[in-house]
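Below: the structure, in structure tokens.
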Amino acid sequence: KAGVTQTPRYLIKTRGQQVTLSCSPISGHRSVSWYQQTPGQGLQFLFEYFSETQRNKGNFPGRFSGRQFSNSRSEMNVSTLELGDSALYLCASRSGGSDTQYFGPGTRLTVL
Amino acid sequence: QKEVEQDPGPLSVPEGAIVSLNCTYSNSAFQYFMWYRQYSRKGPELLMYTYSSGNKEDGRFTAQVDKSSKYISLFIRDSQPSDSATYLCAMSGDGNKLVFGAGTILRVKS
């Protein structure tokens, strides 16, 4: 089975812009979670989607949003980018009957 | 105080050594415990998963959970230079939202 894929792998944006990141889960997995990884804060949970519904949300401002499509692919959007949003954004997928999450390679976002 | 504490290291050991990596946690609701390995510029890779106290072994890796002490460990036997990576402990109360430790950088010298 192919693993979790994320596009693009690298992005450079400027402050104030918005960005959309994409994640394709492992085939058959219906749950997709997003995490932000920074050197200072480590890996932090953003939100989880299951069957197109947001089931769980972390402590991030409303500028961070996401959605999931009927084929389980998910997108994450960050509006009005700030310098502090520079991070590795990781997507993880999980099958409905399992507790184990499998991560993609991440999208490295740099905000200038 | 963070929910999950993990010494960031770096931890440097000679090839062949037994490595011990540890995390402590404060949330009694955590039921699921995982160890991930992350190489530079890659996503985390699941190494071990357990949901009960005790030991779980997989090849050179042993995961240990002590819920009474809120302490988990990962042991790596016969460590290899290819084991050099960042090791992240993660835990969850419901299997969905994972809470991660800071990660321990491990360097295995040949």
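As they're listed, the protein sequences go chains A and B.
So for the first sequence, the numbering used here puts the first residue at 0; every next one is plus one.
So for the second sequence, the numbering used here puts the first residue at 7; every next one is plus one.
C-beta: ideal position from N, C-alpha, C; glycine also.
Is it a yes or a no for the segment 69-84 of chain A touching the segment 57-71 of chain B, going by three-plus beta-carbon pairs under 8 Å? no
So within the segment 61-95 of chain A, which uninterrupted beta strand (DSSP E) runs reach at least 3 residues, ignoring any that extend past its ends? 63-67, 73-77 and 86-93
Can you list, in chain order, the residues of its chain whose CB lies under 7 Å from that of residue 12 of chain B, leaving out five sequence neighbours each side? Here residue 12 of chain B has 29, 95, 107, 108, 109 and 110 as same chain residues with Cβ atoms under 7 Å from its own Cβ, once five neighbours each way along the sequence are excluded.
For residue 7 of chain A and chain B, any beta-carbon pair shorter than 8 Å? no
Around the C-beta of residue 86 of chain A, are 16 or more other C-beta atoms found within 10 angstroms, so that it is buried, or is it exposed? buried
Once you ignore the five residues that flank residue 51 of chain A on each side, which residues in its own chain have a CB closer than 8 Å to its CB? Around residue 51 of chain A: 66, 67, 68 and 69.
Rounded to whole angstroms, what's the CA-CA distance from residue 104 of chain B to residue 59 of chain A? Just pull it up for me. Distance between the alpha carbons of residue 104 of chain B and residue 59 of chain A: 15 Å.
With C-beta atoms as the reference, is residue 28 of chain A less than 8 Å away from residue 94 of chain A? yes
Residues bridged to residue 56 of chain A (per DSSP): Looking at the DSSP output, residue 56 of chain A sits in a beta bridge with A:46.
Could you work out which residues of chain B lie near residue 99 of chain A, taking near to mean beta carbons separated by less than 8 Å? Neighbours of residue 99 of chain A in chain B, taken as residues at a C-beta separation under 8 Å, are given in chain order as 40, 52 and 55.
Terminal residues of the beta strand (DSSP E) in which residue 81 of chain B lies: Run containing residue 81 of chain B: 77-82, per the beta strand (DSSP E) assignment.
Nearest to residue 32 of chain B by CA position, among B:74, B:115, B:79 and B:102, is which residue? B:74
Measuring CB atoms only, is the segment 15-28 of chain B touching the segment 17-31 of chain A, in the sense that at least three cross pairs come out at less than 8 Å? no
According to DSSP, residue 11 of chain A sits in a beta bridge with which residue or residues? A:109
Would you kindly work out how many angstroms separate the C-alpha atoms of residue 44 of chain B and residue 104 of chain A, rounded to a whole number? Roughly 10 Å between the two C-alpha positions.
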